[in-house]
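These notes are about the structure you will find just below.
Numbering (the UniProt record's numbering), first residue to last: 1 to 168.
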């Protein structure tokens, strides 16, 4: 199976992301710079675990990566914490110049006038049925997903509750 199909990134993208994350304190031990190779391993484990449906943690740990289940848990949360720390740097509302550029792109390449972006839904399947309100989480595909429908989720965003902050 190709690397990108398993890890969801190319090797170059993975290395670049590892370099960015290496600056985060969660990867530093005893005030020492972390090993880039170790961060790459932790990212591989995390991305595989989050990107492959229904694989038990002990299978991820032993068969695919040769580490303990505790390490899989620690790697995953360390990577998530480091990624969350980058959110404000990479996830933000575009400024006036960027809005024009984005709208021009969507008009020229997609045919949508005044479009500032697009979002596609994603499913996060649970490996077992939730014990709380099981029917709410069940999908037409007979799986249980950690997601909401688009309108339910949208109504709980700042974009919906404070449109004046984002739209003119």
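Don't be surprised by glycine CBs; every beta carbon is placed ideally from N, CA and C.
- The Cβ-Cβ distance between residue 9 and residue 21 does not fall below 8 Å.
- Comparing alpha-carbon positions, the option among 14, 44 and 102 lying closest to residue 77 turns out to be 44.
- The three-state reading of DSSP puts residue 155 in coil, since its state is none of H, G, I, E or B.
- Separation of the CB atoms of residue 46 and residue 58 is rounded to 16 Å, and the pair is thereby denied contact status at 8 Å.
- Under DSSP, residue 16 shares a beta bridge with no residue.
- It is roughly 34 Å from the alpha-carbon of residue 12 to the alpha-carbon of residue 157.
- Rounded to the nearest angstrom, the gap between the Cα atoms of residue 113 and residue 91 is 23 Å.
- Closest in alpha carbon position to residue 75, among 30, 50, 108 and 15, is 50.
- Among the bridge pairs identified by DSSP, residue 32 is matched with 29.
- Take residue 42, set aside five residues on each side of it, and the residues of its chain with a beta-carbon closer than 7 Å to its own are 75, 78 and 79, in chain order.
- In the three-state scheme derived from DSSP, where H, G and I count as helix and E and B as strand, residue 115 is classed as coil.
- DSSP, reduced to helix, strand and coil, places residue 55 outside both helices and strands of the structure shown, so it counts as coil.
- Rounded to the nearest whole angstrom, the C-alpha separation of residue 67 and residue 52 is 17 Å.
- Put simply, of 84, 88 and 116 the residue whose alpha carbon is nearest the alpha carbon of residue 98 is 116.
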